Structures are given as C-alpha cells and as structure tokens.
Amino acid sequence: MSLVELIAQADERGLAASGLACLDRCVPLLGGDDEALRPLWANLASGGDPAAWGELLEQVRGKLGIAEIVDDEAVEDEAALLARRMLAAAPAVRSAAEARIWADACSVASLQIHRLLDPAEDDSATAGAPAGALDSVRAGAAPVTGRSEGMSPLVAAELRRQVSVLELLAGHGAGGLRRALEVSTEGRRVLRAVVSRRARGRS
0 MSLVELIAQA
10 DERGLAASGL
20 ACLDRCVPLL
30 GGDDEALRPL
40 WANLASGGDP
50 AAWGELLEQV
60 RGKLGIAEIV
70 DDEAVEDEAA
80 LLARRMLAAA
90 PAVRSAAEAR
100 IWADACSVAS
110 LQIHRLLDPA
120 EDDSATAGAP
130 AGALDSVRAG
140 AAPVTGRSEG
150 MSPLVAAELR
160 RQVSVLELLA
170 GHGAGGLRRA
180 LEVSTEGRRV
190 LRAVVSRRAR
200 GRS
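Just so we're aligned, residue 0 is where the sequence shown starts under numbering that gives the first Met the number 0, counting upward by one.
Written out as structure tokens, the structure is:
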C-alpha cells in the first residue's frame with residue numbers, strides 16, 4: 000500500500016505513532032535532545048493512559064519552547080518553522096480523527112523538511128517544488144518497492160521510514176512501538192548529521 004493508504008487505514012495508536020515519529024526525526028531542528036519525546040512514546044505503549052497524552056504534550060512543548068503556535072516571522076529557517084508547527088499542531092486528545100489529520104500533516108511536513116535539507120536536492124526532480132508536489136510521492140508505491148525515481152536520497156529514505164512505522168504498528172500494534180522508535184531514531188541521527196553539516200557550512 001502507498002503511504003496515503005496506510006494512513007487512511009491506520010488505527011489511533013498507529014496514527015499517533017506515525018505523527019510522533021515524523022516529529023521525533025525532526026527534533027534536531029527544535030534544539031531538543033534524543034529523549035525529548037520519550038514521554039509521548041511511552042504513553043502509546045500498552046498500559047499508557049490516553050487521558051495523560053495532553054498533559055505530557057504540554058510538558059514537551061514547554062521543554063522545547065513551543066508553548067503556542069508560531070507564525071512565519073518567529074523562525075527564519077523554513078525547515079525549523081515546519082518542525083515547530085508539527086509540534087504546535089499535535090492534538091491534545093488521542094483520538095483517531097484528530098490523530099489522522101495530524102499524522103497526514105506531519106507526513107507532508109517531514110518530507111518537505113527533508114527535501115529542504117537534502118544537499119542533493121538541487122539535482123532532484125522535486126527541487127524547488129512546494130510541499131503539494133510531494134502528494135504523488137506519498138500516493139505512489141515507491142516506498143514499498145524501493146524505487147526512488149524523482150526523489151532526492153534524503154526524501155526517499157524519509158518516505159521509507161514513514162511507511163515502515165505505519166506497517167509496524169498495523170502488523171504488531173503496541174508491540175511494534177519499539178521497532179518503530181528504532182526506525183525513527185535512525186532517521187533522527189541522519190537528520191542531526193545533516194543539520195550539523197549545514198550549520199558548519201553557514202559558519
């Protein structure tokens with residue numbers, strides 16, 4: 000199935016994990032450490048209290064300095080702004096309806112972030128394209144078959160990770176969370192390295 004189809008069929012836990020994983024991989028843009036979102040991951044595990052999600056979310060926002068939605072003037076860097084909006088838009092209640100909207104938005108935003116940061120993007124077919132141009136990528140079968148025509152390497156890898164997280168939760172429920180977190184951790188390390196190289200290049 001395509002990424003769009005996986006999101007459409009995912010349950011509440013899978014959707015929340017999908018959005019959270021996208022955000023987790025982009026934590027380096029928020030200035031957070033690798034444990035910043037761990038309380039929210041723990042809340043999705045078996046025995047986690049859905050009612051506690053909102054309070055935990057506010058605590059995470061407070062630690063990362065995202066107390067409320069930011070506007071275009073608040074952050075100069077477009078990738079960082081997209082990451083902040085992902086966290087700001089996280090639903091206060093763990094429901095399938097709200098989580099589906101968030102997961103879908105996070106999917107697009109994270110792909111856009113990876114497109115913006117990919118040093119190889121200038122040679123990609125998606126170079127300079129708006130976020131909407133990623134719709135065909137998300138609706139295609141490329142992540143399932145491993146094909147990445149028209150995508151820069153960083154975007155193709157992010158697309159595969161998004162699909163992997165949704166497939167793990169669909170196939171194993173809460174039991175797939177640990178592996179989903181591992182997939183996200185791998186992606187976060189990659190993005191942290193990219194952000195670090197970009198910072199060195201600007202200095």
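Every residue gets a Cβ at the ideal spot worked out from N, C-alpha and C, and that includes glycine. For clarity, every value in this text was computed on a predicted model and none was experimentally measured.
| said: Applying the 10 Å Cβ sphere with the 16-neighbour rule, what's the burial state of Pro118? | reply: With fewer than 16 other Cβ atoms within 10 Å, it is exposed.
| query | Candidates Asp33, Asp103 and Trp40: which alpha carbon is nearest Gln8's? | reply | Asp103
| task | Taking only the alpha-carbon atoms, compute the straight-line gap between Leu206 and Gln58 and give it to the nearest angstrom. | result | Outside the shown range of the chain (0 to 202) lies residue 206, about which nothing can therefore be said.
| field | Residue span of the alpha helix (DSSP H) that contains Arg213, given as start and end | value | The structure shown has nothing for residue 213, since the chain only spans 0 to 202.
| request: Spatial neighbours of Ala15 within its chain, please: CB distance less than 7 angstroms, with the 5 preceding and 5 following residues excluded, ordered by chain position. | output: Leu43, Arg93 and Ala98
| field | Enclosing alpha helix (DSSP H) for Gly18 [first to last residue] | value | Following the DSSP letters along the chain, one finds Gly18 inside the alpha helix (DSSP H) bounded by residues Glu11 to Arg24.
| Can you tell me whether DSSP reads Pro118 as helix, strand or coil? | coil
| field | DSSP-derived helix/strand/coil call for Pro90 | value | coil
| said: Is Thr184 close to chain C? Criterion is C-beta to C-beta, closer than 8 angstroms. | reply: Considering every chain present, this structure includes no chain C. It has just one protein chain.
| said: For a test of the three-state rule: what should DSSP assign to Leu36, helix, strand or coil? | reply: coil
| request: Specify the secondary structure class of Gly61 as computed by DSSP and reduced to three states. | output: helix
| Cβ-Cβ separation, Ala95 to Glu11 (assumed contact under 8 angstroms), whole Å | 4 angstroms
| said: On a Cα-Cα basis, can you pick out the residue from Leu176, Val193, Gly172 and Ala20 that is closest to Ser106? | reply: Ala20
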